[in-house]
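The sequence shown lines up with residues 0 to 84 when you count with numbering that gives the first Met the number 0. Here a beta-carbon is modelled for each residue, glycine too, at the ideal position from N, C-alpha and C. The structure appears below as structure tokens.
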Amino acid sequence: MIVVELFSKDDCRLCDRVKETLLRVQERHPFELRETKIHEGDEHFERMKNRIPVVHIDGEFAFQYRLEEEEFLSRLISASGKQRP
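Set out below in structure tokens:
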């Protein structure tokens, strides 16, 4: 199963919108969603603090700031085809 990781932080409206989009797409095309909240001092904080939200698909960078539902679905389907059964 495809793993989608959302890097977000508290009090982030863009993060909330991206998560809502991910959950809508997940209903149509199942994937495992992992959310990592970053905080000052975390290993990802310095690298991502000004780029949040960030989305990875199977460990690969896919999106930052915003996420268009159809574009995400297309990338998700493409990633599904690359996985071995």
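From residue i to residue j, what does the alpha carbon distance come to, in whole angstroms?
i, j, result
"Arg46", "Glu34", "17 Å"
"Leu72", "Pro52", "17 Å"
"Gln25", "Gly40", "31 Å"
"Arg74", "Cys14", "19 Å"
"Gly99", "Leu21", "The chain is shown only over 0 to 84; residue 99 falls outside these bounds and no answer can be derived."
"Gly58", "Ala78", "11 Å"
Among the options, which has the Cα closest to the Cα of residue i?
i, options, result
"Leu5", "Ile37, Arg23, Ser79 and His28", "Ile37"
"Ser7", "Arg50, Glu68 and Glu59", "Arg50"
"Glu19", "Gly80, Ser77 and Arg65", "Arg65"
Along the beta strand (DSSP E) that carries residue i, what are the first and last residues, could you check?
i, result
"Lys18", "Note, Lys18: premise wrong, no beta strand (DSSP E); alpha helix (DSSP H) at Arg12 to Arg27."
"Phe30", "No beta strand (DSSP E) contains Phe30, which DSSP labels as neither H nor E."
"His55", "Val53 to Ile56"
"Leu5", "Val2 to Ser7"
"Glu59", "Glu59 to Gln63"
Locate the alpha helix (DSSP H) running through residue i, then write down its first and last residues.
i, result
"Arg46", "Phe44 to Met47"
Assuming residue i and residue j make a contact with CB atoms under 8 Å, what is their CB distance in whole Å?
i, j, result
"Ile56", "Val17", "The Cβ separation is near 13 Å, so there is no contact."
"Ile76", "Glu31", "So it is not a contact: roughly 15 Å between Cβ atoms."
Quick check on residue i - is its C-beta less than 8 Å from some C-beta in chain D?
i, result
"Asp15", "Here chain D cannot be found, since the structure has a single protein chain."
Given a threshold of 16 other Cβ atoms within 10 Å of its Cβ, counted over all protein chains shown, does residue i qualify as buried or as exposed?
i, result
"Phe85", "Given a span of 0 to 84 for the chain in the structure shown, any question on residue 85 remains unanswerable."
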